[in-house]
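Visitor: Per the numbering used here, the sequence shown starts with residue 3, numbered consecutively.
In this text, a Cβ means the ideal position worked out from N, Cα and C, and glycines have one as well.
Predicted model only: the values in this text are computed from it and were never measured.
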Amino acid sequence: MQLPPGFKIDLYAQGVKSASYMAYSPDGVLFVSQPDQGTITALPDRAGKGQAESAAVFAGGLTQPTGLAFFGGYLYVAEAQQVIRFAYTPGQLHATTAPEVVVHGLPAGGSNPTHAIGFGPDGLLYLTIPASCNACREADPRRATIMRYQPDGSQEEVFAQGLRDAEGLIWYPNSPNPLVTNSNRRRMGEDLPPDTIEIVAPQSNFGWPFCHAGDIVDPELGWEHACDGVPHPFVQLPAHTTPRGLCAYQGSQFPSEYYGSIFVALSGSWERKVPTGYEIVRLKLQNGQVAAVEHFASGWLVQEQAWGRPVDVVQAPDGSLLVSDDWAGAVYRIHYQP
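#1: From the DSSP output, in three-state form, read off tyrosine 260 for me.
#2: With a CB to CB cut of under 7 Å and the five nearest residues on each side skipped, what residues in its chain are close to arginine 48?
#3: Taking glutamate 296 and valine 283 to be in contact with their CB atoms under 8 Å, please state how far apart those CB atoms are, rounded to whole angstroms.
#4: So asparagine 179 is in the beta strand (DSSP E); what residue range does that whole segment cover?
#5: Excluding the five sequence neighbours on either side, which residues of its own chain have a C-beta within less than 7 Å of the C-beta of glycine 224, listed in chain order?
#6: Looking only at its own chain, which residues have a Cβ that is under 8 Å from the Cβ of valine 232, when we skip the five neighbours before and after it?
#7: Pick from Gln36, Gln307, Gly247: whose alpha carbon is nearest that of alanine 168?
#8: Could you tell me which of Ala57, Gly122, Ser134, His117 sits nearest to serine 409, measuring between CA atoms?
#9: Take every Cβ of the segment 328-336, pair it with every Cβ of the segment 14-23, and state whether three or more of those distances are shorter than 8 Å.
#10: Alpha carbon to alpha carbon, how far is arginine 166 from valine 202?
#11: Count Cβ pairs between the segment 76-89 and the segment 97-117 that sit closer than 8 Å; are there 3 or more?
#12: Determine the direct distance from the alpha carbon of arginine 335 to that of histidine 227, and round the result to whole angstroms.
#13: Return the chain-ordered list of same chain residues with a C-beta closer than 6 Å to the C-beta of tryptophan 272, the five sequence neighbours on each side being excluded.
#14: Taking only the alpha-carbon atoms, compute the straight-line gap between glycine 112 and glycine 270 and give it to the nearest angstrom.
#15: From the DSSP output, in three-state form, read off glutamate 273 for me.
#16: By Cβ distance, which residues of its chain are closer than 7 Å to glutamate 81, with the 5 residues on each side in sequence left out?
#17: Could you pull out every residue in the same chain whose Cβ sits closer than 7 Å to the Cβ of arginine 189, ignoring the five residues on either side in sequence?
#18: Look at the alpha carbon of serine 300 and the alpha carbon of tyrosine 280, and state the distance between them as a whole number of angstroms.
#19: Closest by CA to asparagine 179, which one among Leu126, Pro240, Pro143, Val34?
#20: Got a sec? Which residues, its chain only, sit under 8 Å from arginine 144 by beta carbon, not counting five neighbours each side?
#21: Excluding the 5 residues preceding and the 5 following tyrosine 338 in the sequence, name in chain order all residues of the same chain whose CB lies nearer than 7 Å to its CB.
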């Protein structure tokens with residue numbers, strides 16, 4: 003693996019098949035979703051040694067669980083067609099009660115069941131719903147959106163639309179609006195359109211399926227003015243790199259220059275002749291804008307063959323970064339050790 007000087011990467015946990023989205027409980031236990039296994043697994047490191055002491059199945063029998071979020075004494079889990087929540091008390095490694103369905107009847111079908119979830123500074127639940135297709139006119143208005151709810155799932159509303167595949171969702175500190183990753187459409191060539199990260203204001207429309215990455219008119223469904231009024235991306239990333247989880251670094255374990263940086267997991271391309279992605283990149287910010295996109299952790303791609311792929315990245319309580327890898331079935335820990 004390649005990292006900047008002074009950084010190390012170690013195994014935090016292995017044998018975590020299809021390890022995908024992660025969240026820390028209020029008492030500092032890492033939880034990870036395993037969509038192919040239908041489980042949520044707890045990976046505690048009570049001794050603070052930088053490795054999981056055990057792998058405890060918190061809940062099983064779920065349908066493609068992906069996004070996770072802790073809020074108000076509950077663990078929220080996004081399944082393929084619903085959002086559920088489990089009552090959670092500190093120290094709990096196994097669910098002791100049946101889950102409550104919070105949001106039901108999410109759109110079925112399509113090739114991607116992934117939903118990112120999170121709670122904003124307003125205390126409301128945000129949920130991403132991907133498009134069912136590469137480029138089409140959706141029948142269900144909830145497709146390609148961010149939806150917003152009360153914590154109990156009531157008062158459903160469309161918060162933003164026109165996001166083909168938003169699989170990462172966070173709030174930068176002191177910002178009322180979420181940041182999301184977005185994988186744009188395929189089959190427009192190897193280098194178009196760029197994938198993006200967007201700042202999402204209420205009632206934004208990011209253009210899909212008519213416009214991509216702020217200013218690229220769709221060749222099949224677009225028209226001359228299809229991109230009028232579409233927000234410009236916070237940052238553009240190489241096409242088909244598939245940005246997924248992201249994290250705003252607020253720790254002190256890394257050198258001070260990394261404070262406030264955004265780390266993004268790029269799961270990698272599948273249709274390019276020369277693969278791209280399969281790495282963690284750092285967005286270096288200056289005055290609230292992206293000053294540079296830097297390679298931070300790479301090595302999942304060797305001689306154009308990928309042996310793993312990063313899905314999500316979260317900050318651990320000690321300030322290190324944890325990265326999930328669904329192909330290798332592992333969670334890695336990146337820390338600074340000069």
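Guide: If we stick to the structure as given:
#1: helix
#2: Glu55
#3: 6 Å
#4: Neither: asparagine 179 is in no beta strand (DSSP E) and is coded neither H nor E.
#5: These residues qualify, in order along the chain: Phe212, Cys213.
#6: Gly164, Asn207, Phe208, Gly209, Cys213, Gly216, Asp217
#7: Gly247
#8: As displayed, the chain neither begins before 3 nor continues past 340, which places residue 409 out of reach and without an answer.
#9: yes
#10: So the two alpha carbons sit approximately 14 Å from each other.
#11: yes
#12: 46 Å
#13: none
#14: 20 Å
#15: Three-state DSSP puts glutamate 273 in coil, outside helix and strand.
#16: Answer for glutamate 81: Leu64, Thr65, Gln66, Pro67, listed in chain order.
#17: Asn136
#18: 7 Å
#19: Selected option, being the one with the closest Cα: Leu126.
#20: If we look at arginine 144 and ignore the five residues flanking it on each side, its Cβ neighbours are Leu108, Pro109, Ile131, Val160.
#21: Gly8, Phe9, Gln255, Phe256, Pro257
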